[in-house]
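Protein sequences, first through last, are from chains A and B.
Numbering of the first sequence is given in our numbering, commencing with residue 33 and proceeding in unit increments.
Numbering of the second sequence is given in our numbering, commencing with residue 168 and proceeding in unit increments.
Below: the structure, in structure tokens.
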Amino acid sequence: MKRQVLSLFIIASLILLSSGCGGHVTPAEEPGRENASGQGPDDTEDTEKPGQQEEPETPPAAREENVCIALVTDAGSIVDNGFNHAALEGIQTYADGAGVSYACYSADADTPDAHKAAVLTAIQDNAELIVCAGSPFEQAVGSLQEDYGNVYFLLLDGVPRDLGGDEIAIAPNVHCITYREEEAGYLVGYMAVLEGYRKLGFIGGEEIPSIQRYGYGYLQGIDDAAASLEASDDIRVEYWYGGSFCPDGQIEDVSMEWYQAGTEIIFACGGSLYQSVLASAETCEGMLIGADVDQSGISERFLTSAMKGISSSVVVALDDFFASGKKWPDGLAQKAVSYGAKEKCISLPVQNGAWRFQTATMDEYLKILARLRSGDIQIPVDTETLPETAATVVYHNEQEGSDS
Amino acid sequence: MNIGRTKVIYHNLSITVIFIVLGIVMVLSGCGRTTPVVSQASGQEDNEDEKLTEGTVVLSDAQLGSYGEITGCFFKEDKETVSLTLSMPEIPKSDDPMIYLFAFEIYEACTFAEDFDKEPVASTKKATESKLEWRYESGQLFQQFVPALLLEGKYVSLSAGICIDNPEMLADASASGPKPESKKGLLLDPQMLDTPLLTDLDVKYAIYNIPLSHIVGETANEVFPTILYEYRGKTYKFNGASINGYDHLFTYLTENGMNSTAIILNDWNEAYPELIHPLSRNNEAGAYYYAFNTAEEEGCLHLEAIASFLAQRYSGKEYGLVSNWVVANEINQYRTWNYMDTDDINLYSAEFEKAMRIFNNAAKSNYADANVYFSIDHDWNNNEGNNEDHFNAKEILEVINDIVRKKGNYDWGLAIHPYPDPLTRVNYWTETYDKTVDAPILTLMNLSTVTDVLKQEEYLDRNGEVRSITVTELGFSSASGEKLQAAAFAYCYYIIEANPYVDAFIMNRQTDALEEVKQGLAFGIYDLDQSPKYIFDTFKYIDTDEAQEHTEFMLNILGADSLEEALSWAQ
Chain A
33 MKRQVLSLFI IASLILLSSG CGGHVTPAEE PGRENASGQG PDDTEDTEKP GQQEEPETPP
93 AAREENVCIA LVTDAGSIVD NGFNHAALEG IQTYADGAGV SYACYSADAD TPDAHKAAVL
153 TAIQDNAELI VCAGSPFEQA VGSLQEDYGN VYFLLLDGVP RDLGGDEIAI APNVHCITYR
213 EEEAGYLVGY MAVLEGYRKL GFIGGEEIPS IQRYGYGYLQ GIDDAAASLE ASDDIRVEYW
273 YGGSFCPDGQ IEDVSMEWYQ AGTEIIFACG GSLYQSVLAS AETCEGMLIG ADVDQSGISE
333 RFLTSAMKGI SSSVVVALDD FFASGKKWPD GLAQKAVSYG AKEKCISLPV QNGAWRFQTA
393 TMDEYLKILA RLRSGDIQIP VDTETLPETA ATVVYHNEQE GSDS
Chain B
168 MNIGRTKVIY HNLSITVIFI VLGIVMVLSG CGRTTPVVSQ ASGQEDNEDE KLTEGTVVLS
228 DAQLGSYGEI TGCFFKEDKE TVSLTLSMPE IPKSDDPMIY LFAFEIYEAC TFAEDFDKEP
288 VASTKKATES KLEWRYESGQ LFQQFVPALL LEGKYVSLSA GICIDNPEML ADASASGPKP
348 ESKKGLLLDP QMLDTPLLTD LDVKYAIYNI PLSHIVGETA NEVFPTILYE YRGKTYKFNG
408 ASINGYDHLF TYLTENGMNS TAIILNDWNE AYPELIHPLS RNNEAGAYYY AFNTAEEEGC
468 LHLEAIASFL AQRYSGKEYG LVSNWVVANE INQYRTWNYM DTDDINLYSA EFEKAMRIFN
528 NAAKSNYADA NVYFSIDHDW NNNEGNNEDH FNAKEILEVI NDIVRKKGNY DWGLAIHPYP
588 DPLTRVNYWT ETYDKTVDAP ILTLMNLSTV TDVLKQEEYL DRNGEVRSIT VTELGFSSAS
648 GEKLQAAAFA YCYYIIEANP YVDAFIMNRQ TDALEEVKQG LAFGIYDLDQ SPKYIFDTFK
708 YIDTDEAQEH TEFMLNILGA DSLEEALSWA Q
């Protein structure tokens, strides 16, 4: 029976791609919904006959007719191997498992008005729960959460804000998710050292809290692993914020320089800047660590990825939402919750082909993960202060500052 | 001639005297191949013998082949005598007044070839209602018995072979297994024995795999050395260290009141290729497990020895009790789980049935209440007549039942694995399933598909009851949500609890398996790192007074107003 597992994902992906999911302010139509509810065309007929009595022996989920979950994304591609894609995977995973329908909506531009328009379209389509992918939707949720109190919102990686950008109170129909990136960073740093790497690098997109948390967790993971191996003196980490989440010539130059100087592996952290690091790695036969999602499929040069569990967090939240009777339960309603290892939303990829450690073992990984989950390992989240490490860390941005 | 191997008992005469006389006569005369051992008839009986020899009907070899009906083949109360009863409409003509009974090994064809040289285990004078009795000898538990007449100097069978159908007569009546208070079971993680991670779950049924490669052969372990086991004159070796692990497991489960099920799996073993069926002896097939060798003497006797050893060892005495034995895995998936290079379902089923009977008779003869099962997956009736990928479970059920009835009925049970399709699917309740016996897929929502088959008269067990059905493997992945997984489990449990024909629900599994997780399947109650999932409490309390408190969320996920409504969907 195992043979059937892969095909589900392949089919689901193909359906989504072919359905235009990711287009501009366009709900994913029937193909996506067919797949989501697990029904064939005959079972997903949209037209309801007035007064029609439901067959008592038919489970309600089999008669799902409205869009239950709507994913709303910015104007970027929804299958970009990034944030939007991860959010979609989370919805798809839950919906496929639970038999609920979903649709995708994309803003036609990356402006507050366009983002709000995309959300309104989903509301007009009677979506019961709107999943807003990322901080671009903070103002949209802030302006709509009270006007549409009968609609539920899941805001990823953000909190409601007013039009001026100030944080406002979260309404009871809204749940916000933030992430403990520091735990993901810690895991990849720790495992990289266990794997045998001693010359490491970190290139972050911009010096913003989420990237800092990745980076500081990475340093602490490296430091703890080095200490456990009594190898702190052997460790050197190059650390730099490149100032861009996109491929960039300077990022490529810096990473090339690092690799040529002996850096063995670089944690490329932020959007698609990894493309520049990967170009250098391919030239110098260096290695990378990916961020946010499993990036092993992009290149064999990715040792692993610091998965901040976007997909997992969506699954966890949807699971709670539906188990509570299509509403946010206490503890999630009107709250922003930081999801991490404890919520099983921080991990490294272990799927076939993605687990590439040769020396570090799965048992070692699981033990560290268990300690994070239990709280045995606490990682400070203070982004104002550089972490103290026994290993040598070279902060290149500080050098740039002093150079200037 | 092999007169010393089997014993012939003559009931109307002095056994000892006749035995000696016959032996001397036969040895001196050099006969034996086609001349049977017959009882000495007195002069007064000559006329009657002549009449019996002539009979009342003349039949060809082919007609004789199914002329007799064996109405029983069983141990008598003394546990030392086996009795076979035979019924015929009339007395067929033959060379002499006798009916002979021959024993064939289970791997042998029950035919009388030109070079046939067996001695009968019993004989009696022909009658429309005959009884043949003999003293039981070790090994006959797995043999098949064929009544025959001597016709034109050759033996001709009167019916197909039949096996002893009450092996439980040999069991120690004092053995007693646990009586589970609920249907809740679990595939165990051996690393969690003796820990709260198991005891907290209050498991009633436990299941565990025994791949043969783990237990056969030698070990260098000095603490638990190789175990030598004598069976039918040959010494077989078992890995003492591995067996010690199973000893500990089953002792622990028994002492903790759990009903144990062992799954016997024939994995590839370079050291013992004879254990693999000759039609399956191809490692390049890449199957998980291979068909048992029930076709050749060496492999089949080894299998008998293994079955005897395990059944004896885990019969509730020194090393714990295994109450249920599942022979092989998902046998309808013959390409992957019980490989044999044939798409002939009759051949495949006949070979498998021999293995199941071996385990049945071994288990029952050691623990009378033992149950033996074969397992099927959800591919009930969907191959559209093309057996290239798998056999329909429904068809294999029909064929095996037919074989068993012909060779002697016994109380085999059916282990089902009604997974949602595909395995990643959790919401098995959201589809409308065909609930007839011809449904393509067997799931929790149409269990009547299988129970309606087994309720038919020809499928009933020896007591006229519907056979035991157990869900020995079924799990729901938490990858789509831990509460969703817990809801799927709870609903499944309630469906099975409400079904009078299903004895237990053994969930797959206690801890996530890495290989499954890599495929996106996380069936465990515990994560890979042993941290509990949401299902932990649901599983723990599902069969207690606190169940409702821990399953209320289930109805929200199912979209039902009440459990009764939800259960009606699965009717």
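Just so you know, even glycine gets a beta-carbon here, dropped at the ideal spot from N, CA and C.
Just so you know, these numbers come straight off a predicted model, no measurement behind them.
In the DSSP assignment, R268(A) falls outside any alpha helix (DSSP H) and within the unbroken beta strand (DSSP E) covering R268 to Y273. Residues of the segment 112–140 of chain A with a Cβ closer than 8 Å to any Cβ of chain B, in chain order: T125, Y126, D128, G129, A130 and G131.
When C-beta atoms of the segment 230–239 of chain B are compared with those of the segment 251–264 of chain B, three or more pairs fall below 8 Å, so the two segments count as touching. Secondary structure note for L722(B): its alpha helix (DSSP H) is the uninterrupted segment A714 to L725. Contact check for V269(A) and T424(A): beta-carbon distance about 7 Å, within the 8 Å limit, so the pair qualifies. Bounds of any beta strand (DSSP E) do not take in R572(B); it lies within the alpha helix (DSSP H) bounded by A560 to K574. Shown here, T599(B) sits in coil according to DSSP, grouped into three states, outside any helix or strand. Around the beta carbon of D145(A), fewer than 16 other beta carbons sit within 10 angstroms, so the residue counts as exposed.
The three-state reading of DSSP puts F672(B) in strand, counting E and B together. In the structure shown, A150(A) adopts helical secondary structure according to DSSP, grouped into three states. P204(A) and E170(A) do not touch by the CB rule: their CB atoms are close to 18 Å apart, not below 8 Å. Counting only residues of its own chain and dropping the five nearest sequence neighbours on each side, L420(B) has a CB closer than 7 Å to the CB of A373, S427 and G487. As DSSP reads the structure, G233(A) sits in a beta bridge with E270(A) and I298(A).
T238(B) has its alpha-carbon roughly 23 Å from the corresponding atom of A338(B).
Within the DSSP secondary-structure output, N594(B) pairs in no beta bridge. Residues of the segment 370–390 of chain A that bring their beta carbon within less than 8 Å of a beta carbon in chain B comprise K376, V382, Q383, N384 and W387, in sequence order. With at least 16 other beta carbons inside 10 angstroms of its own, C136(A) counts as buried. F720, M721, L722, N723, I724, L725, G726, A727, E732 and A733: these are the residues of the segment 712–734 of chain B whose beta carbon lies less than 9 Å from some beta carbon of chain A, given in chain order. Listed along the chain, the chain B residues whose CB falls inside 8 Å of the CB of S356(A) are F720 and N723. When C-beta distances to chain A are compared with 9 Å, the residues of the segment 609–634 of chain B below that value are M612, in chain order.
Residue state for K376(A) is assigned as coil, using DSSP reduced to three classes. Residues of the segment 402–413 of chain A with a C-beta atom less than 7 Å from some C-beta of chain B are A402 and R405, listed in chain order. Between L681(B) and M339(A), the C-beta spacing is not below 8 Å. For W579(B), the three-state secondary structure derived from DSSP is strand. Note that the segment 285–304 of chain B does not touch the segment 531–550 of chain B; fewer than 3 beta-carbon pairs, one per stretch, sit closer than 8 Å.
Residue contact with chain B for D352(A): present (Cβ-Cβ distance below 8 Å to some residue of chain B). Residue-level contact by beta carbon holds for T597(B) and chain A, with a gap shorter than 8 Å.
With contacts defined by Cβ atoms closer than 8 Å, A478(B) and A522(B) do not form a contacting pair. Counting C-beta atoms within 10 angstroms of its own C-beta, A127(A) has 16 or more neighbours from the protein chains shown and is therefore classed as buried.
Assigned with DSSP and collapsed to three states, L310(A) falls in helix.
Per DSSP, the unbroken alpha helix (DSSP H) holding P241(A) starts and ends at P241 to S260. If you compare the alpha carbons of N549(B), I702(B), I608(B) and L641(B) with that of A671(B), the shortest gap goes to L641(B).
In the DSSP annotation of this structure, the continuous segment of the alpha helix (DSSP H) that includes E284(A) starts and ends at G281 to Q292.
A Cβ-Cβ separation of about 6 Å places L325(B) in contact with L316(B) under the 8 Å criterion.
The beta-carbon of R592(B) is placed less than 8 Å from the nearest beta-carbon of chain A. In the three-state DSSP reduction, K371(B) falls in the coil class, being neither helix nor strand.
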